[in-house]
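The structure under discussion appears below in the form of structure tokens.
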Amino acid sequence: MKVLRERIQAEGVNLGNGILKIDSILNHQLDPKLMMQMGEEIGRLFSGVHIDRILTAEISGIAPALMAGYAMNVPVVYARKVKPITMAGPVFLETAPSHTKGGETNLLVSAEFLHPDEDVLIIDDFLASGQTLLALARMIKSAKSRVVGVCVVAEKTFEGGRALMLKAGYSNIPIHALATITSMDDGQIILAE
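With our numbering applied, the sequence shown closes on residue 370, and no number is skipped along the way.
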């Protein structure tokens, strides 16, 4: 997405150690028009794929997933990081390391919202190490459903997440990034066309 690449180039901040701050676009402030454009693009990318439900992770995956859900007319479920008292009954629980927070992050989804025998699209903010996406995929598998695609706002190709997902058996599904970052060396942010 050209507009997204331009915004990342103009507003993104390379904090070093592979951490990209895009708080003005996604991780703190949201641009509703840009979010809607992302949702429409995700809908276009997956127009030929049957999707029953979208799964994302709290918090930065919610906005693009919601707009994609709107564009595709499917429900959006997000994995919580903390179990609220309202989450009763069976729960799918996975953990994933957090690059920006350090340590492990819990991801929880009530079984009430992940049904068996469904086609599920995973949407998140970044594909970096691939660990969060794989945790979401494990939840879907635990629910006895299928991952039919993955889409992220931005992929950092130099962190190897796509290769890890392919090695984990997801080479037969579409994996898309709306913006692809090929390098963050020397304080720069290099994006693929």
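Note that CB positions come from ideal geometry on N, CA and C, so glycine has one too.
Ranking A273, Q308, G195, I199 by CA distance to the CA of R182 puts I199 first. DSSP places T357 outside any alpha helix (DSSP H); the residue lies instead in the beta strand (DSSP E), whose first and last residues are 352–360. By the neighbour-count criterion, in which 16 or more other beta carbons inside 10 Å mark a residue as buried, K344 falls on the exposed side. As summarised for the region 227–263, the continuous beta strand (DSSP E) elements at least 3 residues long and confined to that stretch are 230–234, 253–256, given in chain order. Beta-carbon to beta-carbon, F303 and V324 are separated by about 17 Å, too far to satisfy the 8 Å threshold. Within the DSSP secondary-structure output, E336 pairs in no beta bridge. DSSP, read as helix, strand or coil, puts S201 in helix. Beta-bridge annotation (DSSP): T272 is paired with N283. Comparing C-alpha distances from G246 to each of D229, P261, E332 shows the shortest one belongs to D229. The C-alpha of L298 lies about 35 Å from the C-alpha of D363.
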